[in-house]
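Residue numbers (our numbering): 13 to 213.
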């Protein structure tokens, strides 16, 4: 696309500047507005990518997960994370007030049912209060265990690379206990298939 400056330069070179038609001011203004919108959009995308970027995980933070325990919504014994070490683990941070968290629950539950026999474990850590989690699970029960992480769950998520604290956030651990995959946002079947392959089935 040529700019008004390009047109002026061409007129000077050919000596026909006087006969060249001046650019339509409205067209020039429209081009400037479009350029400004594109630049603003690019800046917005850059800010969004920065805001939701995943940060590196310190080995101590990943190892610390296995020493944690969480209360469970049904009030039974505490959920001991050490019980899941040695198998692939999908750790999902969620909340009842988070629509994409709610939408992905059936998919995560189906994944757990299908692959539990191969050693896979799914754990949901609710960054939420006990009462709403209990009410939610009455409406939409899942077969994988749920831990009540509360507000401390947001801090744990940040330690595991979720700088923004957004939900849902998923961390996948391999059989050796190390983090092998992470995702900010709603999980898809493509994600699950990829993680399954990454963990060796």
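Don't be surprised by glycine CBs; every beta carbon is placed ideally from N, CA and C.
For this session: Below 8 Å CB to CB, which residues in the same chain sit around residue 167 once its five sequence neighbours on both sides are set aside?
Result: Locating residue 167 in the chain shown gives position 155, counting from the first residue. Nothing listed; no residue qualifies.
Exercise. In three-state terms, what does DSSP make of residue 194?
Worked result: Residue 194 sits at position 182 when you count from the first residue of the chain shown. Strand, per DSSP.
Problem set entry | Spatial distance of residue 197 from residue 107 (CA atoms) | Numbered from its first residue, the chain shown carries residue 197 at position 185. Numbered from its first residue, the chain shown carries residue 107 at position 95. Their backbone Cα atoms lie some 13 Å apart in a straight line.
Problem set entry | Between the CA atoms of residue 76 and residue 140 - distance to the nearest angstrom | In the chain shown, residue 140 corresponds to position 128, counting from 1. In the chain shown, residue 76 corresponds to position 64, counting from 1. So the alpha carbons of these two residues sit roughly 21 Å apart.
Problem set entry | Terminal residues of the alpha helix (DSSP H) in which residue 145 lies | Counting from one through the chain shown, the residue named residue 145 turns up at place 133. First-last of the alpha helix (DSSP H) with residue 145: 142 to 151.
For this session: Go ahead and label residue 203 buried or exposed: buried means 16 or more other beta carbons lie within 10 angstroms of its beta carbon, across all protein chains shown.
Result: As a position in the chain shown, residue 203 is number 191, starting the count at 1. That one is buried.
For this session: Go ahead and pull the three-state DSSP assignment for residue 119.
Result: Counting from one through the chain shown, the residue named residue 119 turns up at place 107. Three-state DSSP puts residue 119 in a helix.
Exercise. Is the stretch 127 to 134 close to the stretch 94 to 109, with three or more CB pairs under 8 Å?
Worked result: yes
For this session: My understanding is that residue 162 touches residue 169, with C-beta atoms under 8 Å, so please give their C-beta distance in whole angstroms.
Result: By one-based count along the chain shown, residue 162 stands at place 150. By one-based count along the chain shown, residue 169 stands at place 157. Not confirmed; about 12 Å, so no contact.
Exercise. Three or more C-beta pairs closer than 8 Å, one from the stretch 187 to 197 and one from the stretch 147 to 164: is that the case here?
Worked result: no
For this session: Taking residue 202 as part of the alpha helix (DSSP H), name the residues at either end of that continuous run.
Result: As a first step, residue 202 must be located in the chain shown, where it is residue number 190. Here the alpha helix (DSSP H) through residue 202 covers 201 to 210.
Problem set entry | Backbone secondary structure at residue 184 - three-state DSSP | Your numbering for residue 184 matches position 172 in the chain shown. DSSP places residue 184 in strand when its eight states are reduced to three.
Problem set entry | Completely contained alpha helix (DSSP H) runs for the stretch 62 to 97, where each covers 4 or more residues | 71 to 76
Problem set entry | Nearest candidate by alpha-carbon position, reference residue 206, set 115, 99, 148, 123 | On the chain shown, residue 206 is found 194 positions in, with the first residue counted as 1. The option with the nearest alpha carbon to residue 206 is 123.
Problem set entry | Counted within 10 angstroms of its Cβ, other Cβ atoms place residue 115 as buried (16 or more) or exposed | Stepping through the chain shown from its first residue, residue 115 is reached at position 103. Exposed.
Exercise. Do we get a CB-CB distance below 8 Å when we pair residue 137 with the residues of chain D?
Worked result: Absent from the structure: chain D. Only one protein chain is present.
Exercise. Where does the unbroken beta strand (DSSP E) through residue 169 begin, and where does it stop?
Worked result: The sequence position of residue 169 within the chain shown is 157, counting from 1. Residue 169 -> not in any beta strand (DSSP E); alpha helix (DSSP H) instead, spanning 164 to 171.
Problem set entry | Residues that DSSP places opposite residue 126 in a beta bridge | As a position in the chain shown, residue 126 is number 114, starting the count at 1. Paired residue(s): none; residue 126 is not in a bridge.
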